[in-house]
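Residue numbers (the numbering used here): -11 to 390. By construction, the Cβ of each residue, glycine as well, lies at the ideal position given by its N, Cα and C atoms. The structure under discussion appears below in the form of structure tokens.
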DNA sequence: AATCCACAGGAAGTGCTGGGCG
DNA sequence: CGCCCAGCACTTCCTGTGGATT
């Protein structure tokens, strides 16, 4: 009892945190340093909505953690406050809703209605959305975050209809804000969608190390106790994140995790060592998270690549991986999938960043992918072990491969 | 210059799940 | 209830291809 009490007391009187929330990734602060220009630009674009005009569609481009989402949410929040009910908005993350159907379902939900999450035809859902929206008599601003995920997976069908919806609306208007970190994806877009979505374009440059330091300082001031930070901590977080394309989300996460590490150790201050630990943990968790959600055969192909690299050469071709994979399947008593599918899985793993797969031609010796691991072996192994089915036999299979 | 390997990767389809609708 | 719909993991069948070797 008294132990528990002690734990709770400690949580109440943290030596590190004042307000942990301020470091969480989806927290939108009251001020966004070094993004004034973008805030003004976006504000100018959206302002006409206050007078009842439809704002231009906007296309926002910038790498991860450059403040695209934060700025958009921030400007939208201010706008909605000012609009006194004339303007409504919806925020959709297309990584979660990566099908045409789900985007529309989410839009309807944000209008306060609901729709079955499967079963209807997309056309039906679209027409319902149109009717609901028109009956609202509002200007609606729709944010499609990570829009490239939607387009790559489901095409630009919804986008096309959404950009043309205004001609079917009598009482309402709709504007789109598309956010992406992949500029190349516009190649997949129907030119009509592309020009419509790109009525206005905003670019978010990566934060510099100095800017990241600034941001971290401002946040840390309110989130953490004054003397809880060793002097090198913030510069280190900023430096690591600056190397990762100026990713502010990573910088904040590093600081948060480092502080948590320190707290768990019962330390009085966060040191650079904690940041290093945090860095390793973040990387590991990233890897484990993606592996957990993968279907069995994707895991098995990843295992095959792991085994090939651990016990053979550090660079393999599709055919060789396929053989190892078939071996693994046999040992597990599972039917293997076709090489066509394995080739696709390898591309998927490459996109997830777990491996590097590059198409190369070896002349007479064919054309294939050169494959090697991109994530740390221990993280991958741990990720694979998180699968109950694999956990039991993994050690066994690895033994056999030696 | 022609050949030919070892695949890449597109197209279309299947079987299954999980949910409509009337 | 029967039928329809979207999504997913996967198959079948296929055409395409960079460049070392012949």
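Beta-carbon spacing of residue i, residue j below 7 Å
i, j, result
"residue 260", "residue 220", "yes"
"residue 319", "residue 385", "yes"
"residue 33", "residue 46", "yes"
"residue 37", "residue 153", "no"
"residue 392", "residue 239", "Because the chain here runs from -11 to 390, residue 392 falls outside it and cannot be looked at."
"residue 181", "residue 148", "yes"
"residue 287", "residue 367", "no"
"residue 134", "residue 83", "yes"
"residue 361", "residue 333", "no"
"residue 120", "residue 101", "yes"
"residue 299", "residue 389", "yes"
"residue -9", "residue 250", "no"
"residue 416", "residue 306", "Residue 416 falls outside the range modelled here, since the chain spans only -11 to 390, and no answer is possible."
"residue 303", "residue 22", "no"
Identity of the residues DSSP links to residue i by a beta bridge
i, result
"residue 130", "78, 164"
"residue 189", "47"
"residue 359", "304, 345"
Three-way DSSP call (helix, strand, coil) for residue i in this model
i, result
"residue 41", "coil"
"residue 349", "strand"
"residue 212", "strand"
"residue 325", "coil"
"residue 258", "strand"
"residue 217", "strand"
"residue 5", "strand"
"residue 232", "coil"
"residue 369", "helix"
"residue 149", "helix"
"residue 263", "helix"
"residue 120", "helix"
"residue 282", "coil"
"residue 105", "coil"
"residue 16", "coil"
"residue 159", "coil"
"residue 72", "coil"
"residue 170", "coil"
"residue 52", "coil"
"residue 22", "coil"
"residue 383", "helix"
"residue 253", "coil"
"residue 223", "helix"
"residue 197", "helix"
"residue 87", "coil"
Whole-angstrom distance between residue j and residue i, CA atom to CA atom
i, j, result
"residue 188", "residue 44", "7 Å"
"residue 256", "residue 211", "15 Å"
"residue 53", "residue 265", "21 Å"
"residue 369", "residue 363", "10 Å"
"residue 93", "residue -2", "44 Å"
"residue 160", "residue 64", "18 Å"
"residue 208", "residue 228", "17 Å"
"residue 270", "residue 243", "11 Å"
"residue 292", "residue 312", "5 Å"
"residue 177", "residue 7", "43 Å"
"residue 349", "residue 194", "35 Å"
"residue 283", "residue 157", "42 Å"
"residue 377", "residue 280", "12 Å"
"residue 170", "residue -7", "50 Å"
"residue 185", "residue 40", "20 Å"
"residue 163", "residue 73", "16 Å"
"residue 86", "residue 254", "42 Å"
"residue 136", "residue 142", "10 Å"
"residue 328", "residue 173", "25 Å"
"residue 322", "residue 285", "9 Å"
"residue 122", "residue 340", "40 Å"
"residue 144", "residue 248", "42 Å"
"residue 222", "residue 353", "51 Å"
Of the residues the options, the one placed nearest residue i, counting alpha carbons only
i, options, result
"residue 97", "348, 324, 107, 77", "77"
"residue 375", "361, 145, 277", "277"
"residue 235", "6, 5, 55", "55"
"residue 31", "-4, 70, 9, 306", "70"
"residue 165", "49, 199, 122, 117", "49"
"residue 231", "-4, 156, 162, 267", "267"
"residue 274", "262, 371, 289", "371"
"residue 387", "136, -9, 295", "295"
"residue 80", "329, 284, 168, 359", "168"
"residue 29", "263, 60, 42, 123", "60"
"residue 13", "192, 204, 108, 354", "204"
"residue 110", "201, 122, 91", "91"
"residue 25", "192, 99, 1", "192"
"residue 237", "2, 11, -5, 1", "11"
Heavy atom of the ligand HEM within 6 Å of residue i beta-carbon
i, result
"residue 159", "What this structure holds is no ligand at all, so the ligand HEM is not there to describe."
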